[in-house]
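Numbering (the working numbering), first residue to last: 4 to 147.
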């Protein structure tokens with residue numbers, strides 16, 4: 004992992020930790036580690052092991068892909084609701100398709116004016132329902 008990637012991982016951890024109002028001690032306690040480990044991750048001196056990346060992502064309400072710099076959207080897959088809203092029949096590819104839909108961070112406008120964040124969330128909830136409904140219908144269609 005390059006130095007720049009270590010720094011990116013560290014800055015994302017710190018950014019989300021601060022956004023959540025957590026201290027390095029809070030994160031260390033939640034992950035059962037020393038505060039120095041968290042400080043080293045955030046400073047880009049060391050990269051968290053994969054199991055810690057996953058636990059950090061859960062704690063910070065994001066995805067490990069975001070922490071690792073693979074995607075630029077910090078919103079988790081279940082942005083609009085709990086993971087219970089993802090149907091049990093959804094495959095990994097379905098979930099990836101849904102994530103792509105959410106990551107299209109284009110501005111939502113009404114009558115040429117950007118909508119407020121609360122309204123954007125409601126639009127995304129409707130899109131989520133439509134997305135899973137369409138996926139379900141497409142799975143039932145016989146292939147020719």
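Where is the CB? At the ideal position from N, CA and C, for every residue including glycine.
- Between the C-alpha atoms of residue 27 and residue 74 there is a straight-line separation of about 24 Å.
- Cβ contact annotation for residue 44 (same chain, cutoff 6 Å, sequence separation greater than five): 13, 16 and 51, in chain order.
- Selection 110, 93, 39 and 123 evaluated against residue 135 yields 93 as nearest (Cα-Cα).
- DSSP assignment within the region 47-81 yields no whole beta strand (DSSP E) run of 3 residues or more.
- Bridge pairing for residue 112: 117 [DSSP].
- Taking 8 Å as the upper bound for CB-CB distance, residue 40 and residue 31 are in contact here, some 7 Å apart.
- Listed in chain order, the non-local C-beta contacts of residue 9 below 6 Å within the same chain comprise 47 and 50, local neighbours out to five positions each way being set aside.
- At a Cβ-Cβ threshold of 8 Å, residue 117 and residue 110 count as neighbours.
- With distances taken between CA atoms, residue 23 lies nearest to 60 out of 140, 100, 60 and 139.
- Contact annotation: residue 71 and residue 55 have beta-carbon atoms that are not nearer than 8 Å.
- For residue 27, the enclosing alpha helix (DSSP H) stretches over residues 27-33.
- C-alpha of residue 58 to C-alpha of residue 139: approximately 31 Å in a straight line.
- As the crow flies, the alpha-carbon of residue 64 is around 24 Å from that of residue 133.
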